[in-house]
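Residue numbers (our numbering): 4 to 226. Glycine included, C-beta positions come from ideal geometry on N, C-alpha and C. All of these numbers come straight from a predicted model, not from anything done at the bench. These notes concern the structure reproduced below.
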Amino acid sequence: AGVRAGRPYRIAVTRFADEPPARREGTAVVAVAPGAGVAELFAAEGVLLADGTEDAVLAAVLAAGTGAAVVLPGRAELTAPADAAAARAREAGVEVAVVPTRSPVQGLAAVAVHDEGRRFGDDVIAMAEAAAATRWGEVFPATRDALTMAGPCKAGDVLGLVDGEVVIVGGELALVAGELLERMLSGGGELVTLVLAAAEAALAERLERQVARDHFGVEVSVH
Numbered sequence: 004a005g006v007r008a009g010r011p012y013r014i015a016v017t018r019f020a021d022e023p024p025a026r027r028e029g030t031a032v033v034a035v036a037p038g039a040g041v042a043e044l045f046a047a048e049g050v051l052l053a054d055g056t057e058d059a060v061l062a063a064v065l066a067a068g069t070g071a072a073v074v075l076p077g078r079a080e081l082t083a084p085a086d087a088a089a090a091r092a093r094e095a096g097v098e099v100a101v102v103p104t105r106s107p108v109q110g111l112a113a114v115a116v117h118d119e120g121r122r123f124g125d126d127v128i129a130m131a132e133a134a135a136a137t138r139w140g141e142v143f144p145a146t147r148d149a150l151t152m153a154g155p156c157k158a159g160d161v162l163g164l165v166d167g168e169v170v171i172v173g174g175e176l177a178l179v180a181g182e183l184l185e186r187m188l189s190g191g192g193e194l195v196t197l198v199l200a201a202a203e204a205a206l207a208e209r210l211e212r213q214v215a216r217d218h219f220g221v222e223v224s225v226h
């Protein structure tokens, strides 16, 4: 028919098997390399999980089958592979944003406000704001002698960190955890999220009593 009408031009041949699959509406959330216990919390909220490699993050984003995705690195050193995976996913036609979370609890805060019904950009902003507003601390034993921002420590000492910086060096886990929590709440707050090992139920109860006694109206969530 084209030949009869004149000289055909701008001819294109498309092999449908090579076309990318159609993507469903909605936004997927991918958490990068959370610890086993925290991974269960993310999975319960419908969050996809990936290890810390660029290829794994990309695979999780593409496997979601959505037109948009939010990636939560969870640690500062995982932001770079997350960014690289996001760039590759955009080339494949997926709208991707990386919310630069530095702690799993920041990721949980972001997930708590995630709403697929919102416009993608607005949802990303809400998740980023929730993560940024979440102060986070950690308590664990030192593995070696070192000089910290809070002074020298020896292997076996208990370290209390806020936003990645050592602020307390002590001898007992419960005392350091209590002091760390008090320091964090001195700047205000409405919710404390405690993520502990299963064997630390007694510590969780102790910290809950501390908050109830000294900070009326502050809610405590224990995992």
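In the three-state scheme derived from DSSP, where H, G and I count as helix and E and B as strand, glycine 110 is classed as helix.
DSSP places valine 127 outside any beta strand (DSSP E); the residue lies instead in the alpha helix (DSSP H), whose first and last residues are 123–135. Going by DSSP, valine 32 is part of the beta strand (DSSP E) stretching over 27–35. Burial check for aspartate 148: the Cβ neighbour count within 10 Å stays below 16, so the residue is exposed. Only buried fits phenylalanine 45, as 16 or more other CB atoms lie within 10 angstroms of its CB.
A residue is called buried once 16 or more other Cβ atoms fall within 10 Å of its Cβ, and glycine 167, having fewer, is exposed. The residues Leu184, Leu188, Val195, Val221 and Val223, in chain order, have a CB closer than 8 angstroms to that of valine 214 in the same chain once the five nearest residues on each side in sequence are set aside. Here the alpha carbon of alanine 100 sits roughly 36 angstroms from the alpha carbon of histidine 218.
Partner residues in the beta bridge of glutamate 141, as assigned by DSSP, are Leu164. Taking 8 angstroms as the cut-off, the Cβ atoms of glutamate 48 and valine 97 do not count as close. In the three-state scheme derived from DSSP, where H, G and I count as helix and E and B as strand, valine 6 is classed as helix. By the Cβ criterion, the stretch 23–40 is in contact with the stretch 62–78, since at least three pairs of Cβ atoms, one from each stretch, lie closer than 8 angstroms. Between methionine 130 and the set Ala145, Val108, Val142 and Gly40, the nearest pair of CA atoms involves Val108. The residues Trp139, in chain order, have a CB closer than 6 angstroms to that of serine 106 in the same chain once the five nearest residues on each side in sequence are set aside. Within the same chain, Cβ atoms closer than 8 angstroms to the Cβ of glutamate 175 are found at Val161, the five residues on either side in sequence being excluded. Taken through DSSP and simplified to helix, strand or coil, glycine 154 comes out as strand. Under DSSP, glycine 173 forms a beta bridge with Val161.
Rounded to whole angstroms, the gap between the alpha carbons of phenylalanine 19 and aspartate 125 is 34 angstroms. At least 8 angstroms separates the beta-carbon of leucine 206 from that of valine 225. A straight line joining the alpha-carbon of glutamate 211 with that of valine 172 spans about 22 angstroms.
Note that the C-beta distance between proline 84 and glycine 55 is below 8 angstroms.
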